[in-house]
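Colleague: Let me begin by handing over the structure; questions about it come next.
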Amino acid sequence: MSDSEIMAFILGSLATISIIAIVYYVLLVIAQWKIFTKAGEAGWKSIIPILNGHVLYRICWKPSMFWICVVAAILAGIFNSMQNSLAAIIALILYIVVAVISIIQYFKLSKAFGHGVGFAIGLILLNPIFMLILGFGSSTYAEHN
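Residue numbering for the sequence shown follows this note's numbering, starting at 9 and increasing by one per position.
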């Protein structure tokens, strides 16, 4: 393989990944727009990346959990960049905290729209599809506990 063929392959791969990421983001924005509208929030808030996460947590849980998740993710990134074992362990623990909070948030989101554990698992594993089902489906929003 020549250098130009390798470069073409790399650029083609990057273009494909970029298109998939854009489609994923657009589907997520559309789904969140409908979910926010059902929950009495302004749909446009789904377009702004950090705000959409905050609103999603506010709809089904506590906004403070969103900020805990953000801070834990930032700290995990910082510890992950350090070059020692203790920092790597701390980063791993923080990533696990973020994952657990996110999983609980999806269970609470499922419950807030009248669905159960199965739907929550769908939200975790096939997020854009189940977010679209939540947004465009017949489920209605019930205030979170």
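Even for Gly, the Cβ is constructed at its ideal location relative to N, Cα and C.
Closest to Leu36 by CA distance: which of Gly122, Leu142, Lys70 is it?
Modeller: Leu142
Colleague: According to DSSP, simplified to helix, strand and coil, what is Gly61?
Modeller: Helix at Gly61.
Colleague: Using the Cα positions of Asn88 and Val79, report the straight-line distance between them to the nearest angstrom.
Modeller: 14 Å
Colleague: In this structure, how does DSSP classify Tyr149 when only helix, strand and coil are distinguished?
Modeller: Correct three-state label for Tyr149: coil.
Colleague: CB-CB under 6 Å to Lys40, same chain, minus the five flanking residues each way: which ones, in chain order?
Modeller: Looking at the sequence provided, one finds Gln at residue 40 rather than Lys. Within the same chain, Cβ atoms closer than 6 Å to the Cβ of Gln40 are found at Ser54, Asn60, the five residues on either side in sequence being excluded.
Colleague: Using DSSP with H/G/I as helix, E/B as strand and the rest coil, what is Gly70?
Modeller: It should be noted that the sequence gives Lys, not Gly, for residue 70. DSSP places Lys70 in coil when its eight states are reduced to three.
Colleague: How big is the Cα-Cα spacing for Lys116 and Glu13?
Modeller: 49 Å
Colleague: Spell out a yes or no on whether the region 61–70 and the region 41–48 are touching, meaning 3 or more CB-CB pairs, one atom from each, closer than 8 Å.
Modeller: yes
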